[in-house]
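Student: Going by the numbering used here, 86 is the number at position 86 of the sequence shown; the sequence numbering is gapless. All C-beta atoms, glycine included, are put in the ideal place defined by N, C-alpha and C.
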Amino acid sequence: MDRVESALPPIPAKRYFTIGEVSELCLVKPYVLRYWEQEFVQLKPMKRRGNRRYYQHHEVLLIRRIRELLYEQGFTISGARNQLADVVAVAPLHDEHDAADVGGETPLQAARTTKAILAAAATSNGLEGRAVRALQASAPAMADAAWMGPDLPDLNKLSPDSVMALREALLSIRDLLS
Numbered sequence: 001m002d003r004v005e006s007a008l009p010p011i012p013a014k015r016y017f018t019i020g021e022v023s024e025l026c027l028v029k030p031y032v033l034r035y036w037e038q039e040f041v042q043l044k045p046m047k048r049r050g051n052r053r054y055y056q057h058h059e060v061l062l063i064r065r066i067r068e069l070l071y072e073q074g075f076t077i078s079g080a081r082n083q084l085a086d087v088v089a090v091a092p093l094h095d096e097h098d099a100a101d102v103g104g105e106t107p108l109q110a111a112r113t114t115k116a117i118l119a120a121a122a123t124s125n126g127l128e129g130r131a132v133r134a135l136q137a138s139a140p141a142m143a144d145a146a147w148m149g150p151d152l153p154d155l156n157k158l159s160p161d162s163v164m165a166l167r168e169a170l171l172s173i174r175d176l177l178s
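#1: Of the residues Q42, Y54, M46 and I19, which one's Cα is nearest the Cα of L33?
#2: Just to confirm the assignment, what range does the alpha helix (DSSP H) spanning R53 have?
#3: Whole angstroms is fine: what's the gap from D101's alpha carbon to K47's?
#4: Taking the CB atoms as reference points, tell me whether E39 and I77 lie closer together than 7 Å.
#5: Can you look up K47 in the DSSP assignment and give me helix, strand or coil?
#6: Can you tell which of D161, D86 and Y35 has its C-alpha closest to the C-alpha of I63?
#7: Using only the alpha-carbon positions, how far apart do E96 and L69 sit?
#8: Assign L27 to buried or exposed, taking buried as 16 or more other Cβ atoms, counted over all protein chains shown, within 10 Å of its Cβ.
#9: Measure from the alpha carbon of L170 to the alpha carbon of each residue in P45, R15 and R53, then state which is nearest.
#10: By alpha-carbon positions, which one of K44, R49 and G50 ends up nearest to E59?
#11: Which residue from V163, A13 and A7 puts its Cα closest to that of Q56?
#12: Rounded to a whole number of angstroms, what is the C-alpha to C-alpha distance between R52 and S23?
#13: Taking its Cβ as the centre, do 16 or more other Cβ atoms sit within 10 Å of L177, making it buried, or is it exposed?
#14: Need the endpoints of the alpha helix (DSSP H) that I19 sits in, please.
#15: According to DSSP, is K14 part of a helix, a strand, or is it coil?
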């Protein structure tokens, strides 16, 4: 997988990508991307005026994964679809024992790691006090979002304080990026 990702250009930090930009970022022709939309239910770019497609960051990552499965690992469309479905079915590790059995981080460990990384990044970018605490408080939600993308039903299960902390963190990140 490292070989595939190193050959692909880095994904710029922006909210939406056109089909042409995604084509260049993933080294896949636009007509292939349109075909993959029909074959992979997870791939649903936003459509605007004139049926123009706008892809978000998580969709670009998904396209790169699909590309890897098809072109590098030799899966058929059906096989790649099954692989993606298997990842979604196996992904939620709610029990710490399950995570320990497979040798991965537990959700608690992942949240702590994310929290430490966010604190280091925030302080190195000149953030102080409230912004650092907001980023750290949102670490568990951000760790989940980074793995599977946003899942709104799960977001509704969070406490209002966690949602507000996540909102503050996202707003401060937006301010940093603008």
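Tutor: Reading from the atomic positions:
#1: The residue you call residue 33 lines up with position 33 of the sequence shown. Nearest of Q42, Y54, M46 and I19 to L33, Cα basis: I19.
#2: Sequence index remark: in the sequence shown, residue 53 carries index 53 (1-based). Counting along the chain, R53 falls outside any alpha helix (DSSP H), though it belongs to the beta strand (DSSP E) covering R53 to Y55.
#3: Counting from 1 along the sequence shown, the entry for residue 101 is found at position 101. Counting from 1 along the sequence shown, the entry for residue 47 is found at position 47. Annotation note: pLDDT 43 at D101 (below 50); position unreliable, no value reported.
#4: Mapped onto the sequence shown, residue 39 falls at position 39. Mapped onto the sequence shown, residue 77 falls at position 77. In contact: E39 and I77 (Cβ atoms closer than 7 Å).
#5: Position 47 of the sequence shown, counting from 1, holds the residue named residue 47. In the structure shown, K47 sits in a strand (DSSP, three-state: E or B).
#6: Against the sequence shown, residue 63 aligns to sequence position 63. That would be Y35, whose Cα lies nearest to the Cα of I63.
#7: Position 96 of the sequence shown, counted from the start, is the residue given in the question as residue 96. Position 69 of the sequence shown, counted from the start, is the residue given in the question as residue 69. Any reading at E96 must be qualified, since the residue scores a pLDDT of 43, below 50, and its modelled position is unreliable; no value is offered.
#8: Residue numbering aside, residue 27 sits at position 27 when the sequence shown is read from its first letter. With fewer than 16 other Cβ atoms within 10 Å, it is exposed.
#9: As a first step, residue 170 is located in the sequence shown; it is residue number 170 there, counting from the start. It is R15 whose Cα lies nearest to the Cα of L170.
#10: As a first step, residue 59 must be located in the sequence shown, where it is residue number 59. Taking only the C-alpha atoms, the option nearest E59 is K44.
#11: Taking the first residue of the sequence shown as 1, we reach residue 56 at position 56. Cα-wise, what sits closest to Q56 is A13.
#12: Position 52 of the sequence shown, counted from the first residue, corresponds to residue 52. Position 23 of the sequence shown, counted from the first residue, corresponds to residue 23. The alpha-carbon atoms of R52 and S23 are separated by roughly 14 Å.
#13: On the sequence shown, residue 177 is found 177 positions in, with the first residue counted as 1. Exposed.
#14: As a first step, residue 19 must be located in the sequence shown, where it is residue number 19. Taken as a continuous stretch (DSSP letters only), the alpha helix (DSSP H) holding I19 covers I19 to C26.
#15: In the sequence shown, counting from the first residue as 1, residue 14 sits at position 14. Coil.
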